[in-house]
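Enquirer: Next up is a structure, given as structure tokens.
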Amino acid sequence: MSTLASDTRVALAIARKDALAELRGRHATVSTLFFAAVVLLLFGFALGPDSARLAAAAPGLLWLAVVFAGVLAVNRLHLLETDDGALEQLALYPVARRAIYAGKALAGFAAMLLLGLLVLGAVGVLFAVDIASAWLPLLATVVLGALGVAAVGTFYAGVTVRLRAREVMLPLLMLPVLAPLLLGAVKATSAALAGDPFGELGAWLQLLVAFDVIMVVAGAATYGFLLED
Amino acid sequence: MMLWPTISAPQTSMPQTTIYVSPRSLGAHDSRPPAVVTTDLARLFAGNAALAGVSLRVDAGGVIALLGANGAGKTTLLRVLATAIRPSYGRAQVDGFDIDRDADIVRGRVAYLSHATGLYDDLTARENLRFAAAMLGTPDAAQRVERALFDVGLSDRAADPVRGFSAGMRKRLALGRILLGNASLVLLDEPYAALDADGLSLVDQLLVAWREVGVTVLVASHAADRLEPFLDGRVLLARGLVAGVEGQGVTSFPPSLPVARGSLTGVSP
Amino acid sequence: MKTRILGVVALAAIVAATFVALVVVPPDQNQGDAQRIMYPHVASAWLAYLSFGVTALAGIGWLWKRDLRFDAVAVSGAEIGVMFTAFAIWGGMMWGRPVWGVFWQWEDPRLTTTALLLALYVGYLLLRRLTDDPERRATRAAIVGLVAAVDIPIVHFSVEWWRGLHQTATIASPDKVLNPAAPMAFVGTLLGMLAAFTLAWAYLMVRRYQLARRELEREERGRIERIVEARSNPVPSEALR
Amino acid sequence: MTDAGYVIAAYGVILGGLGLYALALWRRLRGAARRDDDAA
Chain A
1 MSTLASDTRV ALAIARKDAL AELRGRHATV STLFFAAVVL LLFGFALGPD SARLAAAAPG
61 LLWLAVVFAG VLAVNRLHLL ETDDGALEQL ALYPVARRAI YAGKALAGFA AMLLLGLLVL
121 GAVGVLFAVD IASAWLPLLA TVVLGALGVA AVGTFYAGVT VRLRAREVML PLLMLPVLAP
181 LLLGAVKATS AALAGDPFGE LGAWLQLLVA FDVIMVVAGA ATYGFLLED
Chain B
1001 MMLWPTISAP QTSMPQTTIY VSPRSLGAHD SRPPAVVTTD LARLFAGNAA LAGVSLRVDA
1061 GGVIALLGAN GAGKTTLLRV LATAIRPSYG RAQVDGFDID RDADIVRGRV AYLSHATGLY
1121 DDLTARENLR FAAAMLGTPD AAQRVERALF DVGLSDRAAD PVRGFSAGMR KRLALGRILL
1181 GNASLVLLDE PYAALDADGL SLVDQLLVAW REVGVTVLVA SHAADRLEPF LDGRVLLARG
1241 LVAGVEGQGV TSFPPSLPVA RGSLTGVSP
Chain C
2001 MKTRILGVVA LAAIVAATFV ALVVVPPDQN QGDAQRIMYP HVASAWLAYL SFGVTALAGI
2061 GWLWKRDLRF DAVAVSGAEI GVMFTAFAIW GGMMWGRPVW GVFWQWEDPR LTTTALLLAL
2121 YVGYLLLRRL TDDPERRATR AAIVGLVAAV DIPIVHFSVE WWRGLHQTAT IASPDKVLNP
2181 AAPMAFVGTL LGMLAAFTLA WAYLMVRRYQ LARRELEREE RGRIERIVEA RSNPVPSEAL
2241 R
Chain D
3001 MTDAGYVIAA YGVILGGLGL YALALWRRLR GAARRDDDAA
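Chains as they are written, first to last, in the working numbering: chain A, 1 to 229; chain B, 1001 to 1269; chain C, 2001 to 2241; chain D, 3001 to 3040.
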């Protein structure tokens, strides 16, 4: 019974389980949030006291912090499955592989969305950037960006979960693929903050949507093979 | 509604309990396809042959012991049948379904108790089973979860996170998870390990209950004597091969020597 | 034997194309001789994409047919692809320095995306090395190769949009040379170099495939010997009791 | 470095690399072939 309804039910159950475990003990999101905050602060030091330059660089700093923290968050979410062979047990349930991917990606998306919104707030405060006026496009960008990082991250976490040098391989494989997302998100964010002077915001959001759709489809279609051992 | 089989469990300290084992749609006994058929099944790990060529047939219904020294291939055989790992060579069918092509169907019909329990430490016993019920699509999940917790004697620890559980309690919870399923083939890897007296008799009762409803049980164990009263047959493995079989519903065939391999270049020595 | 001929033809083609590119064709008015670097740079970039395309298709072949020969093609494509990607980056840097004064051209991020591609496929090769079971390795590599190949067009479009929307399009950006305005000689030379490089690519692919296949066969033979050895020596017939 | 220097550097590395890789492949192939002959 691998209908859409059962897939959704399974995916939601997995996401709920991850969220529960996350709140209960793992604190993946909280620790990665502080990591992102530290990264932002270091950017502040690195790019010097000139607040104008910091404000100009804010979109880039935001998304770099989100992407780097995202690598950690996704990795920790998959560590959850290495508890005593949990990933193997997950693969043994009679459920569609794409549902498992969807569940893990959903959990990743929730963590990344929370992370993205909080980092957006931090950037607004730290780099004196007016995020209130353009809240809708910024929200859309963060949602699309968070989904993209989660979709790609979940896929490559699946690739590397049983691998030896996993901590190195996950970012090495994941970050180059995220380049278009980073490009689009930063451009959309800066366009949104500047009030979309060139009217290019729509184009960048479309790029993000296209990226997310492609990566979710690719991940769902191939996740089954990754679970093979 | 079929009456659940009431079992007169052997005299143990456990209270007389009726273990709820979900009914199987049992056709006439012999019409069912064999529970397990393997043909030259082999699996290598980094070059050495954990399974070298197992050709086995196990008829449906009955408790079969899988015996053999450490490294004989017992666990590997169970993992391949459970679709946890793929075979390197050869083929296998469960209830007539190919474990590779029809893996989805096989996963619905097989329950597998592994050394690793696959439980989430941060979730409570009840939450772990609730999640398993959602994955297995267990009907009226809430009651079945409570019932399973009761049957494996963990009702009083239902709200405690599994992190603090002993190995024995984790194994009981893993058995509880199997009770939520509807498997026609149950694969148990060292079920008696780490269990206390009550736990041991729990496994005994489960074997009897499954046998009653016609479920096929393959038990890899060193406790051959304890299994004795429940067995319908035995399979002895040695160095990845079948050394001998015994029992009415169990037959084995010698592995074919030339290893035909479709993949790569059909290299066959 | 056929491969040897292909090798000789490829060698001749490359020597000829290089001679034309370095001596015969006139230098570019504003870029001077430095423009000659464009030919091997563009040829390498084209072959890098071609190689990764082959790897992706071979990956699909493995996932579909489960025949390790596809995996041999995939690893050949990836390894040769990484080499040509490195050449393309090197060419881009050598070309950028004299013409735009910088080794790393940020105005046009195509160089950067090619570098990301290099990282991705180095990751692919590392991933293969970290997996020892031939089937797992083939499956994992096939998927990573597939998603990486899917990522290439996305990177390309996002970069084109970035350049298109980017206000300060430089006059002498590489594209200007490829458009019809460029003298026919340049285009002809480039096509010649592309053909020569593609011949060389084909030769290297065939050789690398032969090597990969030999290695996979040796690995396979070892596995089968292990099994035949296990099956043929008598299993101790201990009593069942 | 004059422009010619960069041109030579570009062609040198790319064509040289191709040659070296072909050589390495040929050697590895010869090694593999000999190992297979011994094994056979």
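For every residue, glycine included, the Cβ atom is placed at its ideal position computed from N, Cα and C.
1. Please go through the same chain and pick out, in chain order, the residues whose beta-carbon is closer than 6 Å to the beta-carbon of C:Met2094, but skip the five residues on each side of it.
2. Consult DSSP for B:Tyr1112 and reduce its assignment to one of helix, strand or coil.
3. How about A:Pro137: is its C-beta nearer than 9 Å to some C-beta of chain C?
4. Leaving out the 5 sequence neighbours to the left and right, which residues in its chain are closer than 7 Å to A:Gly145 when beta-carbon positions are compared?
5. Let's see if you can read the secondary structure: which residues bound the alpha helix (DSSP H) around C:Phe2070?
6. Give the single residue among C:Leu2130, C:Leu2116, C:Ile2143 whose Cα lies nearest to the Cα of C:Val2159.
7. Report the partner residues of B:Ser1252 according to the DSSP bridge assignment.
8. Using a Cβ-Cβ cut-off of 8 Å (strictly less than) and excluding sequence neighbours within five positions of A:Glu200, which residues of its own chain qualify?
9. So C:Phe2052 is in the alpha helix (DSSP H); what residue range does that whole segment cover?
10. From the DSSP output, in three-state form, read off B:Ala1046 for me.
11. Excluding the five sequence neighbours on either side, which residues of its own chain have a C-beta within less than 7 Å of the C-beta of C:Tyr2049, listed in chain order?
12. Taking Cβ-Cβ distances shorter than 7 Å, what residues in chain D pair up with C:Ser2044?
13. Which complete alpha helix (DSSP H) runs does the region 1058–1131 of chain B hold, if anything under 4 residues is left out?
14. For C:Gly2032, return the contacting residues in chain D, with the cut-off set at a CB-CB distance below 8 Å.
15. Three or more beta-carbon pairs under 8 Å between the region 81–89 of chain A and the region 110–126 of chain A, yes or no?
16. Verify the CB distance criterion: does A:Arg164 have a CB-CB separation below 9 Å to chain C?
17. Under 9 Å, Cβ to Cβ, is there at least one residue of chain B near A:Lys104?
18. Let me check understanding here. Comparing Cα to Cα, which of C:Leu2127, C:Ala2200, C:Val2155, C:Val2020 lies closest to C:Phe2084?
19. Leaving out five residues on either side along the sequence, give the residues of the same chain with a beta carbon under 6 Å from the beta carbon of B:Gly1251.
20. What are the start and end residues of the alpha helix (DSSP H) that includes B:Leu1185?
21. Are there 16 or more other CB atoms within 10 angstroms of the CB of D:Thr3002, so buried, or fewer, so exposed?
22. Is any beta-carbon of chain C found at less than 9 Å from that of D:Asp3038?
23. Would you call the region 1143–1154 of chain B in contact with the region 1171–1179 of chain B, where contact means no fewer than 3 C-beta pairs closer than 8 Å?
24. So if DSSP puts B:Thr1216 in a beta bridge, which residue, or which two residues, is it bridged to?
25. Using 10 angstroms around the beta-carbon of B:His1029, count the other beta-carbons present and answer buried if the total reaches 16, otherwise exposed.
26. Straight-line CA distance for A:Gly219 to A:Val161?
27. Of all the CB atoms in chain C, is at least one closer than 9 Å to the CB of A:Phe45?
28. Output the distance between the C-alpha atoms of D:Leu3025 and C:Met2001, rounded to the nearest integer angstrom.
29. According to the neighbour-count rule (16 or more other Cβ atoms, all chains shown, within 10 Å of its Cβ), is A:Ala29 buried or exposed?
30. Do the region 68–77 of chain A and the region 92–101 of chain A touch if we need at least three Cβ pairs shorter than 8 Å?
31. Judging by CA-CA distance, which residue of C:Arg2214, C:Arg2137, C:Phe2197 is the nearest neighbour of B:Ala1046?
32. Please classify A:Leu163: does DSSP put it in a helix, a strand, or coil?
33. Quick one: does C:Pro2174 have its CB under 9 Å from some CB of chain A?
34. Specify, as a first and last residue, the run of the alpha helix (DSSP H) that A:Gly108 falls within.
35. I'd like to know whether the C-beta of C:Ala2141 is nearer than 9 Å to at least one C-beta of chain B.
36. Within the 9 Å Cβ cut-off, does C:Val2228 reach chain B?
Expert: Once the coordinates are examined:
1. Ile2037
2. strand
3. no
4. The answer, listed in chain order, is Trp63, Val66, Gly116, Leu181, Ala185, Leu208.
5. 2068–2100
6. Answer by Cα proximity: C:Leu2116.
7. B:Leu1056
8. Lys187, Ala191
9. 2038–2065
10. Coil at B:Ala1046, not helix or strand.
11. The residues Ile2152, in chain order, have a CB closer than 7 Å to that of C:Tyr2049 in the same chain once the five nearest residues on each side in sequence are set aside.
12. Ordered by position in chain D, the residues that pass the 7 Å Cβ test against C:Ser2044 are Ile3014.
13. 1074–1081, 1103–1109
14. Ordered by position in chain D, the residues that pass the 8 Å Cβ test against C:Gly2032 are Asp3003.
15. no
16. yes
17. no
18. C:Ala2200
19. The amino acid occupying residue 1251 of chain B in the given sequence is Thr; Gly does not appear at that position. The residues are Arg1057.
20. No alpha helix (DSSP H) contains B:Leu1185, which is instead part of the beta strand (DSSP E) from 1185–1189.
21. exposed
22. Answer no: the Cβ-Cβ gap between D:Asp3038 and chain C never drops below 9 Å.
23. Using a Cβ-Cβ distance cut-off of 8 Å, the region 1143–1154 of chain B and the region 1171–1179 of chain B are in contact, since at least three pairs of beta carbons, one from each stretch, lie closer than that value.
24. B:Gly1062, B:Leu1185
25. Note that B:His1029 scores 49 on pLDDT, short of 50, meaning its location in the model is unreliable; the coordinates nonetheless yield the value given after this. Exposed.
26. 15 Å
27. Put simply, the CB of A:Phe45 is far from chain C, with every gap to its CB atoms at 9 Å or more.
28. 16 Å
29. Residue 29 of chain A is actually Thr in this sequence, not Ala. Classification of A:Thr29: buried, given that the 10 Å Cβ count is 16 or more.
30. no
31. C:Arg2137
32. coil
33. Caution is warranted here: a pLDDT of 49 is assigned to C:Pro2174, below 50, making its placement in the model unreliable, and no coordinate value can be reported.
34. 97–126
35. no
36. yes
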